[in-house]
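A.B. asks: In the numbering used here, the protein residues as written are 961 to 1074.
Right, I'll just put the structure down here and ask away after.
Now the structure itself:
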């Protein structure tokens, strides 16, 4: 591989910074995934719908929530953005639960909408 030019010149500093941030996130989450695969001993899935852990919360049975939110383990609530050209979304937090924003550390309590 020819390395006589700096990567920042080829990709730009914003792309390079974004790539570094996302790679760090990816590899930190891989450790989390592997831990849950080991706990499950390779059987079943580590992704589950909210109603598995919150069966008494009627809101988790709403189609919009069932189809767009899920939990990995018991610690990571995943709410992907599924609409093109959108950067935010509404999140439902199950009742009687506490959640923390992965990046900012902000606390959310169940039944809150962010």
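Note that beta-carbon positions come from the ideal geometry of N, C-alpha and C, so glycine has one too.
As the structure is a prediction and not an experimental result, all values here were calculated from the model.
For the stretch 993-1007 against the stretch 1032-1042, do three or more pairs of beta-carbon atoms, one drawn from each stretch, fall closer than 8 Å, so that the two count as touching?
C.D. replies: The answer is yes - the stretch 1032-1042 touches the stretch 993-1007, with three or more Cβ pairs under 8 Å.
A.B. asks: Could you spell out the range, first to last residue, of the beta strand (DSSP E) harbouring residue 1032?
C.D. replies: Stepping through the chain shown from its first residue, residue 1032 is reached at position 72. Its beta strand (DSSP E) spans residues 1030-1032.
A.B. asks: If you check the beta carbons only, do residue 1019 and residue 1052 fall under 8 Å apart?
C.D. replies: Counted from its first residue, the chain shown places residue 1019 at position 59. Counted from its first residue, the chain shown places residue 1052 at position 92. Contact: yes.
A.B. asks: Considering just the uninterrupted stretch of the alpha helix (DSSP H) at residue 1001, what are its terminal residues?
C.D. replies: Residue 1001 sits at position 41 when you count from the first residue of the chain shown. Premise fails: residue 1001 is in no alpha helix (DSSP H) and is neither H nor E.
A.B. asks: Roughly how many whole angstroms lie between the Cα atoms of residue 1040 and residue 1009?
C.D. replies: In the chain shown, residue 1040 corresponds to position 80, counting from 1. In the chain shown, residue 1009 corresponds to position 49, counting from 1. C-alpha separation (whole angstroms): 13 Å.
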